[in-house]
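Everything below concerns the one structure shown next.
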């Protein structure tokens, strides 16, 4: 029955989430906060004492205050006349200094989403498939300031997730429901460095390598019966990720940046898969991602005028998708990014919002997608937690 499902994958009409999500894991390591969403991979070279970026563990030494951050994300996708939405908590973290040279972070963020809902008509009846679940990354990071010009960091990532997939086969006289469900666990190690070249240029580099590839452990069963089989499957296509960011500090309030990233997937990652398998002819390909951005920093974070406490950033992004069809045509994603942030006058909080609008190009068997992503975030520093002296 699983082969029958794969045979008709490309003829399925979209009902819910992205058509591309059905083919693999969805988007792996998506941008989950407003800063990263609007700056792209150039953010791995970013350091700011007023806000802490956890995109590079080497940046954890940039502040001497405790920071707490949370972000929400909402994504809209449109194919033909169908629009879907997914809104969720995407990131939660806390960072704090340890002495003068070390900084530490704890947090979690979403790294993959299996949500999809499809239906197609077969000669024998109808086939409906509903998938839910995803993978979250729980991390522990440590940064070290080797010198005023060089910061280094390590981060341990633990992946935890779940998958539930229901497949309903409906014909004139019979209905069968197959259920696949299980837990996902894995680990990876990320290393990062930020180097300041003179006063104008910053370079950032991160390398994320899974040393314990995420594994799905669960059951494959026929609903309403005692028939089931245990599943244990490595998500072997999980990528190694390299990111490089370059920032040119044009002035105290203006930055220009470029970011590139490479995700390397095992070509045979889906070959032995029983659950997350690809249709005939599809394969994984390396992902090349490139962004250009411009950032305007607040003129005065303690000014009485909100306009002087407001910063913004904007840019463009292009990348290819990590799956390629039998036609060998690459599937590209183009988008425009922007973001705005506002500091409270007392320096206690930073509010952020970003938007991304773009399209994912379709193959002859798959539709073009338009998407819009909104990210909302807030960072609170330790001034919220200081005791107030009363006379």
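In the working numbering, the protein residues as written are 1352 to 1742.
Ideal Cβ positions, reconstructed from N, Cα and C, are used throughout, including at glycine.
- By DSSP, does residue 1374 sit in helix, in strand, or in coil? Locating residue 1374 in the chain shown gives position 23, where the first residue counts as 1. It is helical.
- Grab me the residues of residue 1590's own chain with a C-beta within less than 6 Å of its C-beta, minus the 5 sequence neighbours each way, in chain order. Residue numbering aside, residue 1590 sits at position 239 when the chain shown is read from its first letter. Result list for residue 1590: 1614, 1615, 1616, in chain order.
- Query: Do three or more CB pairs link the segment 1434-1445 to the segment 1511-1527 at distances below 8 Å?
  - Reply: no
- Task: Consult DSSP for residue 1451 and reduce its assignment to one of helix, strand or coil.
- Result: As a position in the chain shown, residue 1451 is number 100, starting the count at 1. Residue 1451: coil per DSSP, three-state reduction.
- Should residue 1501 be labelled buried (16 or more other beta-carbon atoms within 10 Å of its own) or exposed? Residue numbering aside, residue 1501 sits at position 150 when the chain shown is read from its first letter. With fewer than 16 Cβ atoms within 10 Å of its Cβ, residue 1501 is classed as exposed.
- Message: Runs of 3 residues minimum, wholly inside the segment 1559-1640: which ones carry the beta strand (DSSP E) assignment?
- Response: 1579-1585, 1591-1602, 1605-1615
- Query: Can you tell which of 1547, 1539, 1552 has its C-alpha closest to the C-alpha of residue 1561?
  - Reply: The residue labelled residue 1561 in the question sits at position 210 within the chain shown. Checking every option, the nearest Cα to that of residue 1561 belongs to 1539.
- Item | Member of 1730, 1700, 1682 whose CA lies at the smallest distance from the CA of residue 1719 | Counted from its first residue, the chain shown places residue 1719 at position 368. Of the candidates 1730, 1700, 1682, the one whose C-alpha sits nearest the C-alpha of residue 1719 is 1682.
- Message: Please report the distance separating the alpha-carbon of residue 1529 from that of residue 1699.
- Response: As a working mapping, residue 1529 is identified with position 178 in the chain shown. As a working mapping, residue 1699 is identified with position 348 in the chain shown. Computed Cα separation, rounded: 52 Å.
- Would you identify the three-state DSSP class for residue 1400, choosing helix, strand or coil? Start at 1 with the first residue of the chain shown, and residue 1400 comes out as number 49. Residue 1400: coil per DSSP, three-state reduction.
- Where residue 1440 falls, given that 16 or more other Cβ within 10 Å makes a residue buried: For the purposes of this step, residue 1440 is taken as the residue at position 89 of the chain shown. Answer is exposed; the Cβ neighbour count stays below 16.
- For residue 1659, which residues of its own chain have a beta-carbon under 7 Å away from its beta-carbon, when the five flanking residues on both sides are left out? On the chain shown, residue 1659 is found 308 positions in, with the first residue counted as 1. Answer for residue 1659: 1649, 1650, 1651, listed in chain order.
- Message: Restricting to Cα atoms, I'd like to know which of 1488, 1505, 1515 is closest to residue 1466.
- Response: As a first step, residue 1466 is located in the chain shown; it is residue number 115 there, counting from the start. Considering only alpha carbons, the answer is 1515.
- Message: Could you compute how far the alpha carbon of residue 1750 sits from the alpha carbon of residue 1565?
- Response: No statement about residue 1750 is possible, as the shown extent of the chain runs from 1352 to 1742 and does not include it.
- Task: Can you tell me which of the three DSSP states residue 1412 falls into?
- Result: In the chain shown, counting from the first residue as 1, residue 1412 sits at position 61. If DSSP states are grouped into helix, strand and coil, residue 1412 belongs with the helices.
- Message: What does the alpha-carbon distance come out to for the pair residue 1444 and residue 1421?
- Response: Counting from one through the chain shown, the residue named residue 1444 turns up at place 93. Counting from one through the chain shown, the residue named residue 1421 turns up at place 70. Approximately 7 Å between the Cα atoms of the pair.
- Assumed close pair residue 1598, residue 1553 - CB separation to whole angstroms, cut-off 8 Å: Within the chain shown, numbered from 1, the residue matching residue 1598 stands at position 247. Within the chain shown, numbered from 1, the residue matching residue 1553 stands at position 202. Confirmed, about 4 Å.
- Query: For residue 1521, which of 1476, 1541, 1480 has the nearest alpha-carbon?
  - Reply: Here the question's residue 1521 lines up with position 170 in the chain shown. Per the Cα distances, 1476.
- Item | Spatially closest choice to residue 1396 from 1417, 1571, 1410, by CA coordinates | Taking the first residue of the chain shown as position 1, residue 1396 is located at position 45. Selected option, being the one with the closest Cα: 1410.
- Take the Cβ of residue 1697 as the centre, count every other Cβ of all protein chains shown within 10 Å, and call the residue buried at 16 or more, exposed below. The count along the chain shown starts at 1 and reaches residue 1697 at position 346. Per the 10 Å Cβ criterion, exposed.
- Query: Using the C-alpha atoms, what's the distance from residue 1693 back to residue 1531?
  - Reply: Residue numbering aside, residue 1531 sits at position 180 when the chain shown is read from its first letter. Residue numbering aside, residue 1693 sits at position 342 when the chain shown is read from its first letter. Roughly 45 Å between the two C-alpha positions.
- Message: What does the Cβ neighbour count give for residue 1629, buried or exposed, with the cut at 16 atoms within 10 Å?
- Response: Here the question's residue 1629 lines up with position 278 in the chain shown. The residue is buried, with at least 16 neighbouring Cβ atoms inside 10 Å.
- Query: In this structure, does DSSP put residue 1549 in helix, strand or coil?
  - Reply: Here residue 1549 refers to the residue found at position 198 of the chain shown. Here residue 1549 sits in coil by DSSP.
- Roughly how many whole angstroms lie between the Cα atoms of residue 1382 and residue 1406? What you label residue 1382 is simply residue 31 of the chain shown in a count that begins at 1. What you label residue 1406 is simply residue 55 of the chain shown in a count that begins at 1. Rounded to the nearest angstrom, the two C-alpha atoms are 10 Å apart.
- Contact with chain C by residue 1417, beta-carbon distance below 8 Å: Absence of chain C from the displayed structure is noted, only one protein chain being present.
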